[in-house]
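Worksheet: the structure to be examined is printed underneath.
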Amino acid sequence: MPDHRAYNIPVKGGVLSLGPAPLIMGILNVTPDSFSDGGKFSSPEGALKQARAMLEQGADIIDIGGQSTRPGADEISTEEELSRVIPVIERLITSGIKVPISIDTFKAEVAEQAIKAGAQIVNDVSGLQREPEIARVAARFETPLIAMHWDKNRDKDKDLIAEIKRFFTKTISIADMAGVSKKSLILDPGFGFAKTFSENYLLLNRIAELHELGFPLLIGTSRKSMLGKLLNIEPKERVAATVATSIIAYQSGAHIFRVHDVAPNLQALRVAMATSYGAREAE
Ligand code: YH5
């Protein structure tokens with residue numbers, strides 16, 4: 000029995016309404032070295048095409064990231080990251096895209112420039128703990144702020160969920176001190192980030208425990224290696240496995256799903272929603 004607590008998050012031009020209806024965040028990679036998308040979407044025109052395809056499939060948010068975070072990936076300069084993401088955001092905005100754009104970055108400067116170019120949501124994979132000033136940027140522009148768990152120095156002998164909660168206690172206090180509204184924060188346990196193969200599955204099994212923190216949850220498992228290692232398949236072949244994780248997370252009360260493959264995840268989530276909350280025929 001999932002219990003989707005209702006949250007209304009103010010966002011420029013409206014609200015993100017979170018409850019039983021799942022929201023889909025479509026992933027738009029603009030990293031030339033991304034092995035999930037092969038870097039096909041680096042040009043603003045190609046990115047727009049991919050974004051439109053995801054919108055047609057029902058995406059509620061488009062997430063744009065220029066810094067690859069896969070293990071072993073080099074950190075790029077702020078200038079390089081800006082040169083990848085800003086032209087894409089500008090192109091999406093001039094196209095009249097009607098869903099909010101989120102900027103996937105842990106850099107305060109990139110978040111600020113992205114917002115000035117039209118992004119309406121900040122998505123920080125460092126849980127506000129790389130550059131805490133990123134919280135000030137979100138506060139100043141009154142954007143929703145997604146904070147993900149990524150703790151390379153965590154105590155591996157302690158319970159993972161307890162460690163995630165401890166990390167988020169600090170994240171919440173950074174957001175609070177920066178003036179971020181309680182209503183604007185979204186937490187994400189960070190699948191695949193400094194977690195072992197088996198820890199990712201333990202986390203998937205215990206997502207519901209994180210509701211205790213009192214914030215909406217976003218999950219990002221799409222095409223990740225926890226699936227590849229279990230099934231021995233390539234990223235593009237991981238759609239069904241991703242859908243399975245989305246449903247498990249939904250049944251645990253998660254609200255937002257960050258995925259590459261919008262249509263299959265949304266279809267499955269709608270079936271799960273109808274099952275838990277009642278079915279209405281599509282028109
Ligand atoms: C996330 O979970 N992840 S970037 C390796 C893959 C596939 C995908 C093929 N940004 C998250 O998507 N932001 C990234 O193997 C994120 N939550 C949030 N909030 C990594 C990624 C990926 C990595």
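Residue numbers (numbering that gives the first Met the number 0): 0 to 282.
From the three backbone atoms N, C-alpha and C, an ideal C-beta is built for every residue, glycine too.
Environment of residue i [buried if 16+ CB atoms lie within 10 Å]
| i | result |
| --- | --- |
| Asp62 | buried |
| Glu80 | buried |
| Phe196 | exposed |
| Ala5 | exposed |
| Met147 | buried |
| Asn7 | exposed |
| Thr142 | buried |
| Arg257 | buried |
| Leu230 | exposed |
| Asn152 | exposed |
| Val270 | exposed |
Supposed close pair residue i, residue j - CB separation, criterion 8 Å
| i | j | result |
| --- | --- | --- |
| Ile145 | Val98 | Incorrect: roughly 15 Å between the Cβ atoms, too far for contact. |
| Ile160 | Arg205 | 5 Å |
| Gly219 | Phe190 | 6 Å |
| Ala110 | Ile102 | 6 Å |
Per DSSP, cross-strand counterpart(s) of residue i
| i | result |
| --- | --- |
| Gly64 | Asn28 and Asp103 |
| Ala146 | Asp123 and Leu186 |
| Arg257 | Met24 |
| Pro9 | Val14 |
For residue i, three-class secondary structure by DSSP
| i | result |
| --- | --- |
| Asp187 | strand |
| Ser172 | helix |
| Gly219 | coil |
| Ala152 | Ala is not the amino acid found at residue 152; the sequence shown has Asn there. If DSSP states are grouped into helix, strand and coil, Asn152 belongs with coil. |
| Lys16 | Position check: residue 16 holds Ser in this sequence, whereas Lys was assumed. The answer is strand: DSSP assigns Ser16 an E or B state. |
| Gly227 | helix |
| Lys115 | helix |
| Ala138 | helix |
| Thr195 | coil |
| His3 | coil |
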